[in-house]
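When we follow the numbering used here, the leftmost residue of the sequence shown carries the number 662, and every step to the right adds one. The block underneath contains the structure these notes are about, expressed in structure tokens.
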Amino acid sequence: MESLSPAIGQKAIFPSTTGYTDHDLFLDSVKVRTERNFNRACRRLRIRVQPKNAAAGVGGIDFSDPDWKLKYSREFEARFNIPHMTDVFPDAVSYPSTFCLKMRTPITEKFAEGYPSDEKWHGYINNNDRVLLKVINYSSPTSAGAECIDSNCSWVEQWVHRAGPREKIFFKPEEVKAAIVTCGGLCPGLNDVIRQIVITLEIYGVKKIVGIPFGYRGFSEKGLAEMPLSRKVVQNVHLSGGSLLGVSRGGPKVSDIVDSIQERGINMLFVLGGNGTHAGANAIHDECRKRRIKAAVVGVPKTIDNDIMLMDKTFGFDTAVEEAQRAINSAYIEAHSAYRGIGIVKLMGRSSGFIAMQASLASGQIDICLIPEVPFNLHGPHGVLRHLKYLLETKGSAVVCAAEGAGQDFLEKTNAKDASGNAVLGDIGVYLQQEVKKYFKELGQTADVKYIDPTYMIRACRANASDGILCTVLGQNAVHGAFAGYSGITVGICNTHYVYFPIPEVISKPRVVDPNSRMWHRCLTSTGQPDFL
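Right, dumping it as structure tokens:
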């Protein structure tokens, strides 16, 4: 097996989690906008769609079959079934849960006659509890943000597993050695999640908890010793930003990581990271299963870009949007105070423009919002520069907010990759600043341009109250999932409820802003910008 970074890239780009291997889409004759929405929904669900009256091909859905909804639901249920220890160890023994909030006495090191439990406590989650994945019943593919299975937008319920503590657990707490690792870049809330994982593990009765330093490389590099963790160690770590354990990108081979897990006696691994990190976690889970290692690998989605599929949001996103307000307000003051001033703010968002969109909407000070999902022209009668000229003539100033992945077609492309295998992007902020100055100079007009890049200030700050709550619940549910015997899963929030997803379903591709969504329309209403095409 190659190094972890290439493994991550392959997993993230080429998932194989369904029976559908043919991705050609056969559509009815519908309007262009309808087709675009329909294609997007079908690609997201990774299904092959045919005209209503056509016979199904290999791996397709035959919509003329009166039972197609039932068959689709069964296929969906199979895809979103979360891996459990009993899949590999059918004779695995379960025990009454040691997590019971009615029990006030401390858990002792020795459990006589099994484990203390209050069977009358109704705080446990039933394994058959489900949460509805989609809650809007679209009546037409032309509805804003419509995600349809067929061309009639037929309603099919899609259920996913509810997260939380189970009445039966599959690990004896005194035999557990739990490890936590934080990978990728910094993100507000990392310490909050670490803290809550440790606290919840101790409530279950776990005594051996360690942190793996500096991401996956902490499993292999000599001189990086694991960090003992306890409630005393993590009690106040959430009061500061960054990661108590440190972060890094890339790492050793998956086989080397699993070798290290075996040598250290780790049987619970909690992985905090984004799409690439989760792909690595899934590879570790698969390798553990291949070797028949009784270990739970659970992910906690960490991405400031909010680009994890199927989830309402990921931790760190709310803080990023809030912190971005300071940069936007500074740009506004600079532009508004100058003669013919223009402020440009670049925010994070490689392939997804959620931060730029939400920050623009929240501030009410942005005139132009540029995101990767929506193409635009700089020059020409309908370009960004022409609109800036109009804004200076009518308002006297303007503020632009651009996601880092926006407008990459204007920049020189390189084949450079970072340690996680991501393409190194050109700096759209600097490019916009230069082009704006050049444009107004050629017109012989004054333009006072100020550029602000708050990227690392936003990443390094502590989580706000909203993210603090999200991190706390995600950390708790990660531990509940591991003790329940689940592995190869990640925990997230879906329609305000906390759920478990199989990792392959959330790493298939980045979540992106739908240009036909109501939220993007709201942003356009706020900025008043044209299409720039």
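In this text, a Cβ means the ideal position worked out from N, Cα and C, and glycines have one as well. Fair warning: this is a prediction, and the values are worked out from it, not measured in the lab.
Handout entry: Beta-carbon spacing of D947, S1013 below 8 angstroms
Key = no
Practice task
For my contact list, V1174 and M1018 are in at a C-beta cut-off of 8 angstroms; report their separation, rounded to the angstrom.
Solution key: 6 angstroms
Handout entry: H982 burial status per 10 Å Cβ neighbour count (16 or more: buried)
Key = According to the sequence provided, residue 982 is Val. The question's His does not apply to it. Under this definition V982 is a buried residue.
Practice task
Identify every run of the beta strand (DSSP E) within the segment 1142 to 1190, keeping only runs that are complete inside it and at least 3 residues long; order them along the chain.
Solution key: 1150 to 1155, 1158 to 1163
Problem - DSSP-derived helix/strand/coil call for P757 - result: strand
Problem - Neighbour-count burial assignment, N943, 16 or more Cβ in a 10 Å radius - result: buried
Handout entry: Nearest-angstrom Cα separation, counted from A996 out to N742
Key = 53 angstroms
Practice task
Could you say which of E882, L851, V821 lies nearest to R735 if we only look at CA atoms?
Solution key: V821
Practice task
Starting from K974, trace the beta strand (DSSP E) both ways and give me its first and last residue.
Solution key: No beta strand (DSSP E) holds K974; DSSP gives it neither H nor E.
Handout entry: G884 versus C761 - alpha carbon distance
Key = 39 angstroms
Exercise for the section: Pair every Cβ in the segment 1144 to 1160 with every Cβ in the segment 989 to 1006, then say whether three or more of these pairs are closer than 8 angstroms. Expected result: no
Practice task
Report the rounded CA-to-CA distance for S901 versus N852, giving the unit in angstroms.
Solution key: 8 angstroms
Exercise for the section: Tell whether a beta-carbon distance below 8 angstroms holds between V867 and P834. Expected result: yes
Practice task
Work out the CA separation of A1064 and N1038 for me, nearest whole Å.
Solution key: 15 angstroms
Practice task
Leaving aside the five residues before and after W729 along the sequence, list all residues of the same chain whose C-beta is less than 7 angstroms from its C-beta, in chain order.
Solution key: I722, D723
Problem - Buried versus exposed call for Y733 [16 or more other C-beta atoms within 10 Å across all chains shown] - result: buried
Problem - C-alpha gap between N928 and V894, whole angstroms - result: 21 angstroms
Problem - Burial state of N787, where buried means 16 or more other Cβ atoms lie within 10 Å - result: exposed
Practice task
Assign T1151 to buried or exposed, taking buried as 16 or more other Cβ atoms, counted over all protein chains shown, within 10 Å of its Cβ.
Solution key: buried
Handout entry: DSSP beta-bridge partners of A992
Key = According to DSSP, which records beta bridges pairwise, A992 is partnered with nothing at all.
Exercise for the section: Please indicate yes or no: does the CB of V821 lie closer than 7 angstroms to some heavy atom of the ligand FMN? Expected result: Among the components modelled here there is no ligand, and therefore nothing to report on the ligand FMN.
Handout entry: Selection from R987, R1011, R1001 that minimises the alpha carbon distance to Q1026
Key = R987
Handout entry: Whole-angstrom C-beta distance between I1154 and D917, which should lie under 8 angstroms
Key = Not really, about 33 angstroms apart at Cβ, beyond 8 angstroms.
Problem - Candidates H1158, V859, P1171, R740: closest to E1034 by CA position - result: P1171
Exercise for the section: Find out if the Cβ-Cβ distance for the pair Y1161, G1136 is shorter than 8 angstroms. Expected result: no
Exercise for the section: Ignore the nearest five residues each way along the sequence and tell me which others in E738's own chain have a CB closer than 8 angstroms to its CB. Expected result: W820
Handout entry: Residue nearest to F831 in terms of C-alpha spacing, selected from T759, G879, R878
Key = T759
Exercise for the section: Kindly confirm or deny that the segment 843 to 863 and the segment 1115 to 1134 touch, where touching means at least three C-beta pairs closer than 8 angstroms. Expected result: yes
Practice task
Decide if the segment 789 to 802 is in contact with the segment 1101 to 1113; the criterion is three or more beta carbon pairs, one per stretch, under 8 angstroms apart.
Solution key: no
Practice task
Could you tell me which residues DSSP pairs with Y1112 in its beta bridges?
Solution key: I1005
Handout entry: Simplified DSSP state of F931, which is helix, strand or coil
Key = strand
Practice task
Starting from the C-beta of S881, find all residues in its chain whose C-beta is less than 6 angstroms away, skip the five residues before and the five after it, and write them out in chain order.
Solution key: P913, D917
Problem - Status (buried if at least 16 other CB within 10 Å, exposed otherwise) for I797 - result: exposed
Handout entry: Beta-carbon gap between S1021 and T1188 smaller than 8 angstroms
Key = yes
Problem - C-alpha gap between C949 and Q923, whole angstroms - result: 9 angstroms
Practice task
Provide the residue(s) that pair with A985 in DSSP beta bridges, ordered along the chain.
Solution key: Per DSSP, none; premise fails for A985.
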